[in-house]
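Trainee: Next up is a structure, given as structure tokens.
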Amino acid sequence: MMSEKRTMLCVPVTARAEDQAFADIQSAKRANAGMIELRLDYLERSDAHMVCRLVEQARQAGGQTIATCRIAEEGGQWHGEETQRIALLVAAGEAGADYIDVEYHAWKRSAQLRQAIGRVCRVDTGAERPRCRLILSKHNFTETPANLDAIFAELRNEPAHVVKLACKANRITDALRMLDALRESARTGPAIGLSMGEAGVITRVLAGKVGGLLTFAALDTGKESAPGQPAIKQMRSLYRWDALRPDTRVYGVIGCPVAHSMSPAIMNAAFDAIGYDGVYLPLRVEPDYADFAAFIDGCLARPWLGLSGCSVTIPHKQNLLRYVAERAGHIEPLAARIGAANTLAIEPAPDDQGAAGFSPRGAPRDENATHHGKTARAEARGSLAAHNTDYRGAMDALCAGMERGPEGLRGLSAAVLGAGGASRAIVAGLIDAGCRVTIYNRTLAKAEQLAAEFGASALPWEARSAIQANVVVQCTSIGMWPNADETPLPTFDLPPTTVVFETIYNPMETRLLQQARDHNCRTVDGVAMFVGQAAAQFQRWTGQPAPTDLIRSIMLERLQH
Ligand code: ATR
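The numbering used here puts the first residue of the sequence shown at 92, with every later residue one more than the last.
This is the structure:
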């Protein structure tokens with residue numbers, strides 16, 4: 092496990108020419124990689140002498156070295172002769188590579204390979220610590236098969252020192268199964284297990300939690316040797332690799348897609364700033380409720396994972412409320428009233444100090460959630476709670492922008508554009524603060540329904556050209572990237588006394604905000620609301636105030652790219 096032997100960050104060198112490979116090895120050394128994988132199959136021209144020079148360079152770089160010459164049928168670049176491939180791998184082993192990676196299928200079918208590599212790795216002598224160790228690997232680029240344990244066992248059955256399995260995760264529950272299988276295999280010997288693709292990122296970051304020998308990290312974005320592989324600087328600075336411990340709490344943003352979410356950068360930096368033992372990951376969960384429920388059930392059935400909270404975004408906000416209701420968790424009254432939640436908080440039961448499992452009340456036993464005989468205590472339960480932090484984020488942003496407290500909003504008139512999910516939290520907040528609220532929406536019936544629920548008024552979309560209000564809140568998707576030229580108020584005619592509150596944060600400077608500034612109106616941007624809701628989540632999970640200036644500066648930096 093990680094506490095005994097730390098999982099290493101392994102940088103694959105995928106250069107096409109020797110001089111570039113040298114340069115990449117130096118970069119890997121500067122990035123403090125614990126291991127370097129020389130991907131000999133990427134070299135356009137190679138011979139045994141070149142391989143020796145590369146291994147020598149990699150050894151001088153300090154870390155351990157893996158030599159791999161991946162065949163095309165397992166996703167590699169090698170199309171040459173098998174004899175030549177074997178010669179390169181043998182040369183690498185003799186030059187001092189710490190590991191040679193060979194595909195299981197190639198190992199099984201080629202006696203020549205078994206003999207040559209087996210000799211270098213001294214597999215027949217049973218040497219405890221041979222100078223060069225054999226990694227036997229299997230890859231599946233289309234799916235994650237059901238029987239991962241059996242596959243690991245099959246690999247372990249051969250005289251390999253390390254077993255490695257890499258499969259495409261089509262759903263995030265595939266990644267959970269991979270973590271299970273890696274965790275189990277790592278109990279019997281050195282193992283590598285990872286899921287490829289966006290849904291598999293958790294396996295790459297959490298390999299350390301389950302005792303993986305290594306996790307791969309690209310030298311840079313664009314130099315990945317497999318889909319979903321983070322860059323080493325992302326692993327270190329974004330995912331807090333060096334701070335990760337077996338009992339580090341795990342958080343994440345559930346969405347589809349989530350690859351471009353800013354939340355991991357924001358939350359991990361905020362955890363770092365206060366020294367909180369947590370890591371925050373992108374969690375790609377397919378849109379259906381069944382996928383959402385399977386993922387959270389799966390996490391709860393794996394207490395060692397330490398999932399402690401999630402931000403929930405499009406298209407899962409409704410799924411969160413339904414899930415927490417079905418599992419008899421706690422829905423904060425505000426979230427229930429708004430009819431939307433964006434935050435999941437998970438606490439283990441007080442008597443459940445992490446060793447045993449905690450499972451959601453009424454959750455069906457997930458057949459994916461194998462515990463290898465160490466089943467979670469069925470009676471132990473964690474508490475699940477759904478919260479809405481959009482309300483607080485919006486009201487904090489508005490009050491800060493207007494430089495007054497919530498009591499200062501009493502009696503003001505507010506016009507809300509839109510009647511979707513974002514509007515609900517804002518209408519509730521404005522009504523609670525004592526504002527008179529009018530909702531304008533393209534689909535009038537939705538505005539009327541929302542107005543009836545909260546004691547507001549509704550007007551047709553066309554009536555927005557005659558708005559007279561102290562505060563205008565824009566909650567439609569008009570003007571959102573990439574349609575940054577659009578505005579919900581083409582004929583902007585608001586007096587300078589109006590406060591214009593934009594809820595879109597990408598772009599930060601929407602067309603509507605430009606119009607408002609041109610008319611000398613006071614403005615509140617969407618970044619302020621996003622920071623506010625993120626800060627409220629952070630506080631809910633950690634119990635500590637969020638470093639909001641840091642969060643805002645990270646967001647601005649990201650939005651400017
Ligand atoms: P969110 O959760 O971000 O609020 P949503 O629930 O999809 O997203 O709501 C989008 C809002 O933008 C809705 O009020 C929608 O109007 P409809 O209810 O008529 O669909 C509004 N909207 C989106 N595109 C629009 C457009 N081109 N013109 C006017 N309103 C638009």
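No residue lacks a Cβ here, since even glycine has one placed at the ideal position from N, Cα and C. This structure is a prediction, so every number in the text was calculated from the model and none was measured.
Roughly how many angstroms lie between the CA atoms of L246 and P281, to the nearest whole one?
Mentor: Taking the straight line joining both Cα atoms gives about 12 Å.
Trainee: Would you call P586 buried or exposed, if buried means 16 or more other Cβ atoms sit within 10 Å of its Cβ?
Mentor: Label assigned to P586: exposed.
Trainee: Do you know how far the Cα of L550 is from the Cα of A538?
Mentor: Those two C-alpha atoms are separated by around 7 Å.
Trainee: Could you tell me if the beta carbon of K537 falls within a distance shorter than 7 Å of some heavy atom in the ligand ATR?
Mentor: Yes, the ligand ATR has a heavy atom inside 7 Å of this Cβ.
Trainee: Please tell me whether, using a cut-off of 7 Å, the distance from the CB of N238 to the nearest non-hydrogen atom of the ligand ATR is below it.
Mentor: Not under cutoff, so the answer is no.
Trainee: With the cut-off set at 8 Å, would you say L374 and V344 are in Cβ contact?
Mentor: In this structure, V344 lies closer than 8 Å to L374 by Cβ.
Trainee: How long is the line joining the alpha carbons of T339 and F583, rounded to whole angstroms?
Mentor: When rounded, the distance between both Cα atoms is 50 Å.
Trainee: Does the region 374-388 come within contact of the region 399-410, defined as at least 3 CB pairs closer than 8 Å?
Mentor: Because the criterion of three Cβ pairs below 8 Å is met, the region 374-388 and the region 399-410 touch.
Trainee: With a threshold of 7 Å on Cβ separation, who are the neighbours of L503 within its own chain once the five nearest residues in sequence on each side are excluded?
Mentor: Only C526, N561, V562 meet the Cβ criterion.
Trainee: Can you find the residues in the same chain that come closer than 7 Å, C-beta to C-beta, to A202, ignoring five residues on each side of it along the sequence?
Mentor: Result list for A202: empty, nothing under 7 Å.
Trainee: Using three-state DSSP, classify P394 as helix, strand or coil.
Mentor: DSSP places P394 in helix when its eight states are reduced to three.
Trainee: Would the C-beta of C566 count as close to the ligand ATR, meaning under 7 Å from any of its heavy atoms?
Mentor: Yes, the Cβ of C566 comes within 7 Å of a heavy atom of the ligand ATR.
Trainee: For D138, tell me which candidate among W169, A119, A178 has the shortest Cα-Cα distance.
Mentor: Ranking W169, A119, A178 by Cα distance to D138 puts A178 first.
Trainee: Does the contact criterion of 3 or more C-beta pairs under 8 Å hold for the region 478-490 versus the region 428-437?
Mentor: Touching, yes.
Trainee: What first and last residue would you give for the beta strand (DSSP E) that runs through F592?
Mentor: Where F592 is concerned, the enclosing beta strand (DSSP E) stretches over 590-593.
Trainee: If you compare alpha carbons, which of M571, L305, E173 is closest to A124?
Mentor: A124 has its Cα closest to that of L305, out of M571, L305, E173.
Trainee: Along the chain, where does the alpha helix (DSSP H) containing E73 start, and where does it finish?
Mentor: In the structure as shown, the chain starts at 92 and stops at 652, and residue 73 therefore has no counterpart that could be examined.
Trainee: By alpha-carbon positions, which one of A119, K96, R97 ends up nearest to A106?
Mentor: That would be A119, whose Cα lies nearest to the Cα of A106.
Trainee: Give the secondary structure of K314 by DSSP, where H, G and I count as helix, E and B as strand, and everything else as coil.
Mentor: Residue state, collapsed to three classes: coil.
Trainee: According to DSSP, simplified to helix, strand and coil, what is H478?
Mentor: H478: strand per DSSP, three-state reduction.
Trainee: Report all residues from its chain with a CB closer than 7 Å to the CB of A266; omit the five preceding and five following residues, and keep chain order.
Mentor: Result list for A266: A260, S286, A290, G291, I293, T294, in chain order.
Trainee: Just the C-alpha distance for R613 and Q606, rounded to the nearest angstrom, thanks.
Mentor: About 11 Å.
Trainee: For the region 280-325, which segments carrying the beta strand (DSSP E) assignment without a break, of at least 3 residues, lie completely within its bounds, in sequence order?
Mentor: As far as the region 280-325 is concerned, its whole beta strand (DSSP E) runs of at least 3 residues are 282-287, 305-307.
Trainee: Using only alpha-carbon positions, find the residue among R213, D609, I283, M620 that is nearest to C223.
Mentor: If we check each option's Cα against that of C223, R213 comes out closest.
Trainee: Spatial neighbours of L204 within its chain, please: C-beta separation below 8 Å, excluding the five flanking residues on both sides.
Mentor: E173, I177, V193, A197, W198, listed in sequence order.
Trainee: Straight-line CA distance for A419 to S474?
Mentor: Cα to Cα, the separation comes out at about 9 Å.
Trainee: Rounded to whole angstroms, what is the Cα-Cα separation between F545 and G512?
Mentor: Rounded to whole angstroms, F545 to G512 spans 14 Å at the Cα level.
Trainee: For N532, is the beta carbon positioned less than 7 Å from some heavy atom of the ligand ATR?
Mentor: Indeed, a heavy atom of the ligand ATR lies less than 7 Å from the Cβ.
Trainee: Whether or not the region 357-365 and the region 226-236 are in contact is what I'm after, with contact meaning three or more pairs of Cβ atoms, one per stretch, closer than 8 Å; do they touch?
Mentor: As far as the Cβ criterion goes, the region 226-236 does not touch the region 357-365, which means the pair count is below three.
Trainee: Compare the C-alpha of I437 against each of Q565, D609, A506, V341 and name the closest.
Mentor: Residue V341 is the option with its Cα nearest to I437.
Trainee: Can you give the Cα-Cα distance for T264 and R393, rounded to whole angstroms?
Mentor: T264 and R393: Cα-Cα distance of roughly 12 Å.
Trainee: I need the boundaries of the beta strand (DSSP E) containing R428, first residue and last residue.
Mentor: Unbroken run through R428 is the alpha helix (DSSP H), 424-429; no beta strand (DSSP E).
Trainee: If P579 and L508 are in contact, beta carbons under 8 Å, what's the gap, nearest whole angstrom?
Mentor: Rounded, the Cβ-Cβ distance is 5 Å, consistent with contact.
Trainee: Can you tell me the Cα-Cα spacing of M620 and P497, whole angstroms?
Mentor: One C-alpha to the other measures close to 15 Å.
Trainee: Among P573, A426, L335, whose alpha-carbon lies nearest the alpha-carbon of D302?
Mentor: According to the sequence as given, residue 302 is Gly; it is not Asp. Out of P573, A426, L335, L335 has the C-alpha closest to the C-alpha of G302.
Trainee: Could you give the DSSP three-state label for D192: helix, strand or coil?
Mentor: Reduced to three states, the DSSP call for D192 is strand.
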